[in-house]
Amino acid sequence: MRRSIPYMQIRGGSSKGLYFHAEDLPDDPEQRDRIILGAICGVGPDDIRQIDGLGGADPLTSKAGIISRSKRPDADLDYEFVQVVVGKGVTDRTQNCGNILAGVVPFALETGLIKADSPRTALKVFMKNSNAVCRVTVETPDGQITYKGTTRIDGVPGFSAPVICEYYDIAGGTCGSVFPTGNRTDIIDGVEATCIDAGMPLVIIRAADLGRSGYESRDYLDNDQELKDRLESIRLLAGKMMNLGDVQQKAVPKMTLIAPAGNGGVISTRSFIPHKVHAAVGVLAAVTAAAACVAEGTTASKIAAVPPEGSYLSVEHPSGEISISLDFTDTGGELTIASAGVVRTARSLSCGEVYLPEDL
Ligand code: NQM
């Protein structure tokens, strides 16, 4: 008998992924992973084209979200993010994803997990990967989700309804503290780096310190093997320093090259996720880069153009910018982030049953 499971495919922010109800998957994490790999890569998990599955052969389209109603008093939904590492045939749950998050509430409403309010619905989502809550608000006129609207985000063509994401207490969720090495800068493999986790573990290095401008295109950097080898050797060392252990098979920490902003923003970024360059920048990666800009004594603060307190922090990336609001306190000891806000959009693309390989 051919086996299949219900799924929805949703564009969340500038990513795209498969969304599943937790109850449709086995409880055993190993079996869950085999099913997710089967759905996304089929029987060819090490095939970089993902030709035998529904994955899109790019880190940004090789993702899954597992959703259930939350039993926590502070949340309505639980969300677990799974990154399928393209060409490696493995899953990684170390990181969260703020783009796939944008599709979580639409998924819950479309599949009847929760009833919508009108004209908007705000739900609290517990993000298992980073142990924190995000309040997500979507447009639901007449109690029905709509994706139609006038909001545009860089990295996605056209206009859509806004998905407003307000993150609480995200700092240090993966590494244990915002500056997990205990320093605001470290010298790693001869280069000054800031190791920081304000929602996403990043290693932030000034591009100029590696002999690059930081304004190179995604394709150019993807072909710069010398740079990528250097970044990977720094990443493996930084992973251990950031309490992440051996990160060879993990997607974090993400290496982030920075340069002074070129278009009126706070900083310009090139984000390696971790071996391919992001077409834009991840949501939580942008929040973390913005946090590094406002914190004294980091690699970023030295070149950032920080606007007056209370203004949006515009983080530039290869396809535009993403604006972040940050409610933070920097005592010089620890950096605390009470909340961070960002606007995304989403659109449901397909739903049905995904067939699993028969020999799974
Ligand atoms: O940083 C890509 C993305 C992401 C993750 C990545 C993300 C985030 O853009 O919150 O959204 O960093 O691998 O989808």
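Numbered according to my numbering, the sequence shown spans residues 54 to 413. Glycine is no exception: its CB is placed at the ideal position from the N, C-alpha and C atoms.
Scanning Pro59, Asp131, Asp239, Leu290 for the CA closest to the CA of Ile167 turns up Asp131. Straight across, the Cα-Cα distance linking Ser354 with Ile257 is about 11 Å. Under the DSSP assignment, Ala161 falls in the alpha helix (DSSP H) whose first and last residues are 157–163. Runs of the beta strand (DSSP E) lying entirely within the stretch 292–331, each at least 3 residues long, are 307–312, 320–325 in chain order. Within the stretch 139–200, the complete alpha helix (DSSP H) segments at least 4 residues long are 151–154, 157–163, listed from N- to C-terminus. Residue side-chain check: Val336 places its Cβ nearer than 7 Å to a non-hydrogen atom of ligand 1.
Within 10 angstroms of the beta-carbon of Asn149 lie 16 or more other beta-carbons, which makes it buried. At a Cβ-Cβ threshold of 8 Å, Pro306 and Ala332 do not count as neighbours.
Following the DSSP letters along the chain, one finds Glu219 inside the beta strand (DSSP E) bounded by residues 216–221. Residue range 82–94 is occupied by the alpha helix (DSSP H) that includes Ile89. Put simply, the backbone Cα of Thr238 is about 31 Å away from that of Phe179. Going by beta carbons, Thr234 and Met308 fall outside the 8 Å limit. Remark: the shortest separation between the CB of Ser67 and any heavy atom of ligand 1 falls under 7 Å.
Taken atom to atom, the span from the alpha-carbon of Thr174 to that of Arg188 is near 10 Å.
The C-beta of Gly196 has fewer than 16 other C-beta atoms within 10 Å across all chains shown, which makes the residue exposed. Looking from the CA of Leu71, the closest CA among Thr199, Ile153, Thr389, Asp77 belongs to Ile153.
With fewer than 16 other beta carbons inside 10 angstroms of its own, Ser171 counts as exposed. Gln62 is bridged by DSSP to Leu71, Ser403.
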